[in-house]
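A.B. asks:
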Amino acid sequence: MTSGYASEEKIYIKIYYSNGIIKAEGWQMGAIKTDDWIFYHSNDRVVSKGHIEKEGHYVNGSAEDWWVFYDIESSKTIKFQYRNNLKNGYSLCYKNTKLIKAEKYINDKKVGEWNSFIAFKLDNPGVSF
0 MTSGYASEEK IYIKIYYSNG IIKAEGWQMG AIKTDDWIFY HSNDRVVSKG
50 HIEKEGHYVN GSAEDWWVFY DIESSKTIKF QYRNNLKNGY SLCYKNTKLI
100 KAEKYINDKK VGEWNSFIAF KLDNPGVSF
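Under numbering that gives the first Met the number 0, the first residue of the sequence shown carries the number 0, and numbering increases by one thereafter.
Dropping the structure here:
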């Protein structure tokens, strides 16, 4: 099931699971996702109402910039940088809001990993988030 409202050329879309729980919401131009989208967990066991699975930004249907993925079971949050629908840049992994790991990706391939913030800063002195 889908519902939405129009704003100029864009349409704000909400997509629902068959049980009426929201599955995703965001902006669309024609059939292409654009701007910010939020995706929700699908399991019938509700951990918390409306808990987000992932959220991020689309440009011409491709994931771009920072995307955030939430893992309820492990209390982890992972942020990835995307370009042209591929992981390009850094990934930051948090457990209970504490940074526990950083990774670097080029065209969806992991090329670096750090388990210490100090080691990350030594290897990447010009990087700031």
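Every residue gets a Cβ at the ideal spot worked out from N, C-alpha and C, and that includes glycine.
#1: Opposite K78 in the DSSP bridges: which residues?
#2: Helix, strand or coil: how does DSSP classify F38 here?
#3: Please report the straight-line C-alpha distance between W65 and I14, rounded to a whole angstrom.
#4: Within 10 Å of its beta-carbon, does T134 have 16 or more other beta-carbons around it, so buried, or fewer, so exposed?
#5: Tell me the residue span of the beta strand (DSSP E) that contains I51.
#6: Candidates K120, N83 and S90: which alpha carbon is nearest T76's?
#7: Out of curiosity, what's the CA-to-CA distance linking I12 and N59?
#8: Helix, strand or coil for I117 per DSSP?
#9: Please report the straight-line C-alpha distance between K20 and K32, rounded to a whole angstrom.
#10: My assumption, with CB atoms under 8 angstroms, is that K53 sits in contact with Y69. Please give the rounded CB distance.
#11: In angstroms, rounded to a whole number, what distance separates the CA positions of D35 and V67?
C.D. replies: Short version:
#1: Here residue 78 refers to the residue found at position 79 of the sequence shown. According to DSSP, K78 bridges with V67 and L91.
#2: For this step, residue 38 is matched to residue 39 along the sequence shown. It is a strand residue.
#3: The residue given as residue 65 occupies position 66 in the sequence shown. The residue given as residue 14 occupies position 15 in the sequence shown. Each residue's Cα considered, the two are about 22 angstroms apart.
#4: Since the first residue shown for the chain is 0 and the last is 128, residue 134 is missing from the structure and cannot be characterised.
#5: Position 52 of the sequence shown, counted from the first residue, corresponds to residue 51. I51 to V58 is the span of the beta strand (DSSP E), which, as asked, contains I51.
#6: Position 77 of the sequence shown, counting from 1, holds the residue named residue 76. Considering only alpha carbons, the answer is S90.
#7: As a first step, residue 12 must be located in the sequence shown, where it is residue number 13. As a first step, residue 59 must be located in the sequence shown, where it is residue number 60. Rounded to the nearest angstrom, the two C-alpha atoms are 16 angstroms apart.
#8: Translated into positions along the sequence shown, residue 117 becomes position 118. Helix at I117.
#9: The residue labelled residue 20 in the question sits at position 21 within the sequence shown. The residue labelled residue 32 in the question sits at position 33 within the sequence shown. Looking at the sequence shown, residue 20 is not Lys but Ile. Cα to Cα, I20 sits roughly 20 angstroms from K32.
#10: Position 54 of the sequence shown, counted from the first residue, corresponds to residue 53. Position 70 of the sequence shown, counted from the first residue, corresponds to residue 69. So it is a contact: roughly 7 angstroms between Cβ atoms.
#11: Locating residue 35 in the sequence shown gives position 36, where the first residue counts as 1. Locating residue 67 in the sequence shown gives position 68, where the first residue counts as 1. Computed Cα separation, rounded: 11 angstroms.
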